[in-house]
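Participant: Residue numbers (this note's numbering): 2 to 201.
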């Protein structure tokens, strides 16, 4: 603890009042010709003339790139059937449907598999069902519409299920069928013909 060097003194300031000609900017690249003034005064006393602000250019170009990404794309694209946005399908051409980045709904890009067909619910959910199906129920929790595909109603129109109607999973054959809980307490599965007591 003998001689304490001036540089080793813990009470000496870490930064001196020297003016530096070379200072790093926000990107970490040294910029020549700008001076950085280091002062012992608190920040609020530094005048606005001494402050140097740099706006990173990378943020601005990144935002522009995101908005114009689909408009500049030259690969295969398809128009979303819900919101009419352009969907880039490069690398996805072997899929049957693609998801839109704007509305998050599915849009078919190929024909339905053999024996199947696409049906779009009024809630915009794309459904795949058997080609011979007459009715289909929307699986979305906030919708649950029963869509009539043939018969008296026009093709593809949705009809609200009657009050008390719910979808039931048969405990015997694991098939789903519609059941009205207000009228009946015992249900007969239309698939396996077995009885279900209080299926709710």
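In this text, a Cβ means the ideal position worked out from N, Cα and C, and glycines have one as well. Quantities reported herein were computed from a predicted structural model and do not represent experimental measurements.
Checking the sheet assignment: what are the DSSP bridge partners for residue 95?
Facilitator: In the DSSP output, where bridge partners are listed per residue, residue 95 has none listed.
Participant: Cα separation between residue 76 and residue 98?
Facilitator: 17 Å
Participant: I need the straight-line Cα distance from residue 187 to residue 140, nearest angstrom please.
Facilitator: The straight-line gap from Cα to Cα measures roughly 24 Å.
Participant: Measure the beta-carbon distance from residue 94 to residue 87 and round it to whole angstroms, keeping in mind my assumption that it falls under 8 Å.
Facilitator: Not a contact, Cβ separation roughly 15 Å.
Participant: Taking the alpha-carbon positions, what's the residue 129 to residue 119 distance?
Facilitator: Straight-line Cα distance between these residues: approximately 5 Å.
Participant: Taking all protein chains shown into account, decide if residue 108 is buried (16 or more other Cβ within 10 angstroms of its Cβ) or exposed.
Facilitator: buried
Participant: Between 174, 165, 193, which has its C-alpha nearest residue 180's C-alpha?
Facilitator: 165
Participant: Beta-carbon within less than 6 Å of residue 171's beta-carbon, same chain only, minus the 5 sequence neighbours each way: which residues are those?
Facilitator: So the qualifying residues of the chain are 190.
Participant: Counting along the chain, where does the beta strand (DSSP E) carrying residue 181 start and finish?
Facilitator: 177 to 181
Participant: Whose CA, out of 167, 117, 125, lies closest to the CA of residue 100?
Facilitator: 125
Participant: Quick check: is the beta carbon of residue 109 nearer than 9 Å to any beta carbon in chain D?
Facilitator: Here chain D cannot be found, since the structure has a single protein chain.
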